[in-house]
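Positions in the sequence shown are counted from 1; adding 1135 to them yields our numbering.
C-beta atoms are modelled at their ideal positions from N, C-alpha and C, and glycine is treated no differently.
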Amino acid sequence: MNNQSGFSLLSLMMTLGVFSVTIFLIIQVIPPLVKQWQEDVSPKKDVYLFFEQTAMEVHGADRLSCESSDALYIYDGENKISFGISGNRVYRQVNDKGFDIVLQHVRSIAFSCKENAVMMTVVDTEGSIDQWADVYFASKAGAS
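Written out as C-alpha coordinates, the structure reads:
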(Lines of atoms letter the chains of each structure in order from A and count residues from 1; the text may use other names and numbers.)
(Lines give C-alpha, C1' and ligand atoms only; values in the text may rest on other atoms or scores of the structure.)
Protein backbone atom coordinates (compact mmCIF):
# COMPACT_ATOMS: atom_id res chain seq x y z
CA MET A 1 0.00 0.00 0.00
CA ASN A 2 2.69 2.43 -0.95
CA ASN A 3 0.62 3.95 -3.82
CA GLN A 4 -0.18 7.57 -2.79
CA SER A 5 -1.44 8.80 -6.18
CA GLY A 6 -5.18 9.01 -5.33
CA PHE A 7 -7.36 10.78 -2.76
CA SER A 8 -7.82 9.26 0.63
CA LEU A 9 -11.34 8.66 1.88
CA LEU A 10 -10.88 11.39 4.50
CA SER A 11 -9.80 14.05 1.96
CA LEU A 12 -12.69 13.06 -0.33
CA MET A 13 -15.20 13.41 2.53
CA MET A 14 -13.78 16.82 3.53
CA THR A 15 -13.96 18.07 -0.07
CA LEU A 16 -17.53 16.83 -0.42
CA GLY A 17 -18.46 18.55 2.89
CA VAL A 18 -16.98 21.90 1.83
CA PHE A 19 -18.68 21.61 -1.57
CA SER A 20 -22.04 20.81 0.08
CA VAL A 21 -21.80 23.78 2.47
CA THR A 22 -20.89 26.09 -0.42
CA ILE A 23 -23.86 24.94 -2.52
CA PHE A 24 -26.19 25.26 0.48
CA LEU A 25 -25.06 28.86 1.10
CA ILE A 26 -25.47 29.78 -2.57
CA ILE A 27 -29.00 28.34 -2.58
CA GLN A 28 -29.87 30.37 0.53
CA VAL A 29 -28.44 33.69 -0.74
CA ILE A 30 -29.45 33.81 -4.43
CA PRO A 31 -33.31 33.61 -4.23
CA PRO A 32 -33.72 36.61 -1.88
CA LEU A 33 -31.46 38.70 -4.12
CA VAL A 34 -33.46 37.76 -7.21
CA LYS A 35 -36.75 38.48 -5.41
CA GLN A 36 -35.52 41.90 -4.26
CA TRP A 37 -34.44 42.77 -7.80
CA GLN A 38 -37.83 41.74 -9.19
CA GLU A 39 -39.66 43.84 -6.58
CA ASP A 40 -37.54 46.88 -7.48
CA VAL A 41 -38.36 46.57 -11.19
CA SER A 42 -42.07 45.69 -11.01
CA PRO A 43 -43.55 48.98 -9.68
CA LYS A 44 -41.73 51.05 -12.32
CA LYS A 45 -42.97 48.71 -15.02
CA ASP A 46 -46.55 49.11 -13.75
CA VAL A 47 -46.32 52.92 -13.75
CA TYR A 48 -44.95 53.09 -17.28
CA LEU A 49 -47.54 50.60 -18.50
CA PHE A 50 -50.21 52.90 -16.98
CA PHE A 51 -48.63 55.90 -18.75
CA GLU A 52 -48.58 54.08 -22.10
CA GLN A 53 -52.18 52.88 -21.82
CA THR A 54 -53.37 56.34 -20.81
CA ALA A 55 -51.41 57.85 -23.71
CA MET A 56 -53.27 55.57 -26.12
CA GLU A 57 -56.57 56.87 -24.70
CA VAL A 58 -55.31 60.46 -24.99
CA HIS A 59 -54.28 59.98 -28.63
CA GLY A 60 -57.81 58.92 -29.57
CA ALA A 61 -59.51 61.73 -27.65
CA ASP A 62 -61.76 64.44 -29.01
CA ARG A 63 -61.23 66.57 -25.91
CA LEU A 64 -59.40 66.47 -22.56
CA SER A 65 -60.33 68.03 -19.26
CA CYS A 66 -58.55 68.31 -15.92
CA GLU A 67 -61.25 69.80 -13.70
CA SER A 68 -59.12 69.07 -10.63
CA SER A 69 -55.47 68.13 -10.38
CA ASP A 70 -56.26 64.55 -9.33
CA ALA A 71 -58.77 63.73 -12.10
CA LEU A 72 -58.47 63.43 -15.87
CA TYR A 73 -61.45 63.30 -18.23
CA ILE A 74 -61.07 62.06 -21.79
CA TYR A 75 -63.96 62.57 -24.18
CA ASP A 76 -63.96 60.16 -27.12
CA GLY A 77 -67.11 60.30 -29.21
CA GLU A 78 -69.99 59.46 -26.88
CA ASN A 79 -67.73 58.06 -24.15
CA LYS A 80 -66.42 59.92 -21.14
CA ILE A 81 -63.38 58.14 -19.71
CA SER A 82 -62.25 59.35 -16.31
CA PHE A 83 -59.15 58.62 -14.26
CA GLY A 84 -58.97 59.37 -10.55
CA ILE A 85 -57.48 58.20 -7.28
CA SER A 86 -59.18 56.41 -4.40
CA GLY A 87 -57.04 55.43 -1.44
CA ASN A 88 -53.77 54.21 -2.92
CA ARG A 89 -55.29 53.08 -6.23
CA VAL A 90 -55.80 54.84 -9.54
CA TYR A 91 -59.03 53.85 -11.27
CA ARG A 92 -60.44 54.19 -14.78
CA GLN A 93 -64.17 54.67 -15.31
CA VAL A 94 -66.18 54.77 -18.54
CA ASN A 95 -69.37 56.87 -18.62
CA ASP A 96 -69.41 56.98 -14.78
CA LYS A 97 -70.23 53.25 -14.60
CA GLY A 98 -68.10 50.63 -12.88
CA PHE A 99 -64.35 51.00 -12.66
CA ASP A 100 -61.04 49.30 -13.41
CA ILE A 101 -58.06 49.59 -11.10
CA VAL A 102 -55.21 50.61 -13.39
CA LEU A 103 -52.46 51.33 -10.85
CA GLN A 104 -51.85 50.45 -7.20
CA HIS A 105 -49.49 51.59 -4.42
CA VAL A 106 -49.91 55.27 -5.32
CA ARG A 107 -49.57 58.06 -2.76
CA SER A 108 -50.74 60.78 -5.15
CA ILE A 109 -51.40 61.49 -8.80
CA ALA A 110 -51.61 64.85 -10.55
CA PHE A 111 -52.95 65.65 -14.00
CA SER A 112 -52.32 68.93 -15.78
CA CYS A 113 -54.06 69.81 -19.06
CA LYS A 114 -52.70 72.53 -21.30
CA GLU A 115 -54.36 73.18 -24.69
CA ASN A 116 -53.61 69.91 -26.52
CA ALA A 117 -51.28 68.27 -23.97
CA VAL A 118 -51.60 66.43 -20.70
CA MET A 119 -48.95 65.89 -18.03
CA MET A 120 -49.24 63.13 -15.43
CA THR A 121 -47.21 62.89 -12.23
CA VAL A 122 -47.37 59.77 -10.05
CA VAL A 123 -45.87 59.51 -6.57
CA ASP A 124 -45.81 55.93 -5.29
CA THR A 125 -46.02 54.81 -1.67
CA GLU A 126 -42.20 54.65 -1.51
CA GLY A 127 -41.95 58.33 -2.52
CA SER A 128 -40.64 57.72 -6.05
CA ILE A 129 -41.86 60.32 -8.57
CA ASP A 130 -42.60 59.47 -12.22
CA GLN A 131 -43.81 61.94 -14.85
CA TRP A 132 -45.22 61.62 -18.36
CA ALA A 133 -46.32 64.26 -20.82
CA ASP A 134 -48.24 63.58 -24.00
CA VAL A 135 -49.90 65.50 -26.81
CA TYR A 136 -53.27 64.73 -28.36
CA PHE A 137 -54.58 65.77 -31.73
CA ALA A 138 -58.32 66.23 -32.10
CA SER A 139 -58.64 64.70 -35.55
CA LYS A 140 -62.38 64.07 -35.64
CA ALA A 141 -64.85 66.52 -37.13
CA GLY A 142 -66.31 68.96 -34.66
CA ALA A 143 -63.60 68.41 -32.07
CA SER A 144 -62.51 71.39 -30.03
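In the three-state DSSP reduction, GLU1261 falls in the coil class, being neither helix nor strand. Going by C-alpha positions, ILE1244 is about 11 Å away from SER1203. Distance from the Cα of GLY1222 is smallest, within the candidate group ASP1235, GLY1212, HIS1240, LYS1215, for HIS1240. Non-local beta-carbon contacts of SER1155 in its own chain, meaning distances under 7 Å to residues more than five positions away in sequence, are absent.
For SER1203, the enclosing beta strand (DSSP E) stretches over residues 1198–1203. Of the residues assessed, LEU1151 falls on the exposed side of the cut-off, its CB having fewer than 16 other CB atoms within 10 angstroms. Taking C-beta atoms as the reference points, TYR1226 and GLY1219 count as a pair closer than 8 Å. Beyond the five residues adjoining it in sequence on each side, MET1254 comes within less than 6 Å, by CB distance, of SER1247, ALA1268 in the same chain, given in chain order. Out of LYS1249, CYS1201, TYR1183, ALA1190, the CA that lies nearest to the CA of LEU1238 is found in TYR1183.
Collapsing the DSSP output to three states places SER1155 in a helix. Each residue's CA atom was taken as its position, placing VAL1270 and PRO1167 some 41 Å apart.
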